[in-house]
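Worksheet for the structure shown next.
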Amino acid sequence: MPGPDRILVKKTQLLDRGQWGNKLEFLLAVAGTLVGLGNLWRFPYLCYKNGGGAFLVPYFLFLLSCGIPMFLLETAMGQFTSQGCITCWRHFCPLFEGIGYATQVVIAYAAVSYIVIQAWAFFYLFSSFSAEIPWASCRNTWNTGRHADSEFTHGPDSALTICFLFRRRVLGISKGIDEIGSLRWELALCLLLAWILCYFCVWKGVKSTGKVVYFTATFPYVMLVVLLARGLTLPGAMDGIAFYLYPDPKRLVDPQVWMDAGAQVLFSFGICQGSLTALGSYNQYNNDCYKDTFILCLVNGGSSFVAGFAIFSVLGFMSYEQGLPISEVAASGPGLAFIAYPRAVAMMPFPQLWSICFFVMVILLGADTQFVSLECLMTSVTDMFPTVFRRAYRRELLLLCLCSVFFFLGLLLVTEGGLYFLQLFDHYVCSGNNLFLLSVCQSIAIGWIYGADRLFDNIEDMVGYRPWSIMKYFWLYITPTVCLVSEPFSLNRLNSKNMCSLMYLWIKKMCIEKSFHFKFHLDNQTLFLRVMKQVYFTERNIAHCEMTQRKEGREYYCYLWLCDISFRKRNTWYMLTEQIQLHFPNHSPFQVQLPLSKKECRGNEMVT
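Residue numbering for the sequence shown follows the UniProt record's numbering, beginning at 1 and increasing consecutively.
Written as C-alpha cells, this is what we have:
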C-alpha cells in the first residue's frame with residue numbers, strides 16, 4: 001500500500017473526539033465543577049470574616065473585572081479550536097503555550113489533594129450509619145480520659161468530641177510536618193473508593209461524564225435546599241444569618257479583604273485552571289458561549305451566597321444552644337465540614353439523617369470538580385498525541401495509569417502528617433498568586449498579541465453576533481491591570497511565619513552537633529533566605545521559635561533557640577517541653593496549632 005494511503009487509513013481508525021450530547025450537559029458539567037466545596041465552606045467564612053455584606057462589594061468588582069471576562073475568554077478559546085488548554089495555544093499564540101502547561105500543573109496538584117477531602121467525607125458518611133453517630137458521645141477509645149464516661153454536652157467542651165474524632169480518629173495527626181507517621185489505612189481505602197468512582201465516571205470521556213453530571217450536579221442543590229430549610233427552622237438561625245450579612249464598611253480599607261475576594265473569584269470560577277477551555281472544546285461550534293458565560297457566573301455566585309444562609313443558620317443554632325458567640329463556633333474549610341457542622345448535627349433530632357444528607361452533598365460537590373479536573377488532563381494529553389491515544393482502549397489505559405499515579409501520590413496526604421502537606425498544596429500551589437499571574441499572562445497574550453478584535457471576530461463567527469464592546473477593554477486594560485496590582489499583595493499573604501515554622505521543624509530534625517551561629521532574614525515579599533539577624537545555635541535541639549516584626553519596615557525576624565533543656569532570654573531562664581508549634585496563615589481552610597508550654601525559672605525556684 002502506498003505511503004499516503006497508509007497514513008489516510010491510520011487517521012480514519014482514530015476514535016471520534018466527542019461532543020456534548022446537548023447544551024444542558026455542558027451547562028451542568030461547568031456548573032458542577034464551579035459550584036464546589038469552596039462555595040460551601042470558603043465563601044461564607046470569607047464573607048463574615050471580611051465585613052459581612054460589605055465583602056460583596058470587592059467580590060462583585062472582581063467578578064466583573066476579572067471573573068466574567070476571563071471566563072468568556074477561556075470558554076471561547078476551547079470552543080473555537082475544539083482543542084484542550086495546551087494545544088489551543090498553538091492556534092492563538094504559540095509563544096505562550098507554556099500557559100497551558102502551567103494550568104495543567106495547577107490542576108494536577110489540585111486533583112491529587114482535592115480528592116482527599118472526599119475520602120474524609122466517605123469516612124464520616126460510613127460512620128453516620130451507626131446507631132449512634134461517633135461524635136455524639138465521649139464513650140470512645142479515642143476520647144480523652146476525663147471525658148470517657150461523660151455524656152455529650154452542649155457546653156463549650158462539646159467541641160472536644162468532634163475535634164478528637166477528626167484529629168485522632170480520622171487523621172491521627174502527628175506533631176508536625178517532620179513526622180509523616182504511618183498510613184491511615186481506613187482513609188487510604190476511602191481514597192481508593194473515590195478514585196475508582198472517578199475513573200468509571202470519566203473513562204468514556206464526555207459520553208460518560210455528560211450523563212453522570214445529571215445527578216452529581218443537581219443533587220447537591222437538592223441537599224442544599226433541604227439543609228437550608230432545616231437550618232432556617234432552628235432556634236437562633238436568624239442571629240447566625242445577621243452575623244453572616246452584617247456589613248462592616250471599615251473592612252474595605254484592608255487590602256487583605258480585596259485579595260481574599262479576588263482569589264475566591266479566580267479559584268471558584270475555574271479561571272486559569274484549564275477546565276473551562278477543555279469543557280468548551282466539546283461544544284458545538286455555533287454554541288452561544290457568550291450567553292452561557294453570564295448564566296454560569298450567575299449560578300456560581302448565587303450558589304455561594306445561598307450556601308452562606310444554610311451554613312450560618314446552623315452556626316446560629318449552635319451559638320444559641322451552647323451560649324457562645326457565633327465567632328467562636330464559626331470555622332472555615334475542613335474545620336467547618338468536619339468539626340463545626342457535625343457538632344451541630346449531633347444536636348438535632350435524627351442526627352444520622354442530617355449527617356448522611358450533609359456528607360453526601362460534600363462528596364458530590366467534590367466529585368464534579370474531580371471529574372472535570374481529570375477530564376481536563378485527559379483532554380490535554382489526547383489532543384497533544386491524538387494518533388497514540390485516540391484508539392480503542394488506549395484512552396482507558398491512559399486514564400487508569402493517571403488515576404493510579406495520583407492515588408499513590410495521594411497516599412502521602414492520608415498519613416498521620418498528611419494534613420500539613422495538604423495545607424502546603426492548598427496555600428502555595430492552588431493559590432491566588434499563581435492564578436493572578438496566569439491571568440495577567442493570558443489576558444496580555446490574547447488581548448495584545450493575538451488581538452482582542454480578532455477574538456471578537458471569532459466569537460461573532462461562532463454565536464452570530466458581536467459581544468458587548470466593553471469586554472474588549474477588559475481584556476486589554478482592566479483585567480491585566482487589576483491582576484498585576486493584586487499579585488504583590490497576594491504574595492504578601494505567603495506568611496513568613498509559616499515558612500519559619502517549617503524551617504524550625506526541619507532544623508530540629510537535623511540534630512545539629514556543634515555550637516555555631518549564623519544570621520538570616522526572611523523577607524515577607526520574596527521569601528528568599530537572606531543574612532540579617534544573628535541567631536545562636538548552642539545545642540542539638542531547637543527549644544523555641546519566635547517571630548517579631550520591625551516597626552520601620554515589613555521585615556519579619558525568626559529567632560531560634562536550640563538547647564536540650566532550657567534557654568535564656570533577658571536574664572530569665574525558660575524551661576520548654578518537646579511540643580511543636582506549627583502555625584498556618586489565618587486564611588488557610590484549617591489551622592493546626594500545638595502551643596509550646598513554657599515554665600519560668602528564677603534561680604532555683606520554678607514558676608509555672
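Glycine included, each C-beta is placed from N, C-alpha and C at the ideal position.
The beta-carbon distance between residue 364 and residue 310, rounded to whole angstroms, is 15 Å. This is too long to meet the 8 Å contact definition. Shown here, residue 183 sits in a strand according to DSSP, grouped into three states.
Our two residues, residue 489 and residue 132, have alpha carbons roughly 47 Å apart in a direct line.
Apart from sequence neighbours up to five positions away, the residues of its chain that approach residue 213 with a beta-carbon distance below 7 Å are 25, 28, 29, 32 and 368, ordered along the chain. Counted as a single uninterrupted DSSP element, the stretch harbouring residue 281 is not any alpha helix (DSSP H), since DSSP gives it neither H nor E. If you draw a 10 Å sphere on the C-beta of residue 258, you find 16 or more other C-beta atoms in it, and that means buried. The DSSP-derived three-state label of residue 218 is coil. Taking 8 Å as the cut-off, the Cβ atoms of residue 102 and residue 370 do not count as close. One alpha carbon belongs to residue 452, the other to residue 473, and they sit about 8 Å apart. Residue environment: residue 98 is assigned as exposed (fewer than 16 neighbouring CB atoms within 10 Å of its CB, all protein chains considered).
Of the residues assessed, residue 468 falls on the exposed side of the cut-off, its CB having fewer than 16 other CB atoms within 10 angstroms. For residue 311, the enclosing alpha helix (DSSP H) begins and ends at 289 to 322. In this structure, the straight-line span from the alpha carbon of residue 184 to that of residue 130 is close to 21 Å. The alpha-carbon separation between residue 303 and residue 390 amounts to approximately 37 Å. Distance from the CA atom of residue 262 to the CA atom of residue 208, rounded to whole angstroms, is 34 Å. A distance below 6 Å between beta-carbons, with the five flanking residues on each side excluded, links residue 299 to the following residues of its chain, in chain order: 31. Measuring C-alpha to C-alpha distances from residue 93 to each of 465, 197, 441 and 359 identifies 441 as the nearest.
Nearest in C-alpha terms to residue 175, of all of 418, 338, 252 and 221, is 418.
Residue 204 and residue 285 have their alpha carbons spaced roughly 22 Å apart. For the pair residue 78 and residue 88, the CB atoms are nearer than the 8 Å cut-off. CA-to-CA, the gap between residue 269 and residue 281 works out to about 17 Å. The residue from 180, 54, 353 and 341 with its alpha-carbon nearest to that of residue 422 is 180.
In the DSSP assignment, residue 403 falls within the alpha helix (DSSP H) that extends over 394 to 410. Shown here, residue 87 sits in coil according to DSSP, grouped into three states, outside any helix or strand. Excluding the 5 residues flanking it on each side, residue 484 has same chain C-beta neighbours closer than 7 Å at 440, in chain order.
In the three-state reduction of the DSSP assignment, residue 233 falls in the coil class, being assigned neither a helical nor a strand state. The alpha-carbon of residue 339 is positioned some 48 Å away from that of residue 456.
With fewer than 16 other beta carbons inside 10 angstroms of its own, residue 22 counts as exposed. With contacts defined by Cβ atoms closer than 8 Å, residue 278 and residue 401 do not form a contacting pair. At the C-beta level, residue 71 and residue 293 come within 8 Å of one another. Here residue 438 has 99, 102, 103 and 272 as same chain residues with Cβ atoms under 7 Å from its own Cβ, once five neighbours each way along the sequence are excluded.
By the neighbour-count criterion, in which 16 or more other beta carbons inside 10 Å mark a residue as buried, residue 395 falls on the buried side. According to DSSP, residue pairing for residue 415 in a beta bridge involves 183. Here the alpha carbons of residue 198 and residue 46 stand approximately 30 Å from one another.
If only uninterrupted alpha helix (DSSP H) runs of at least 4 residues are considered, those enclosed by the region 40 to 118 are 43 to 49, 56 to 62, 68 to 81 and 89 to 92. Residue 53 has its alpha-carbon roughly 12 Å from the corresponding atom of residue 250.
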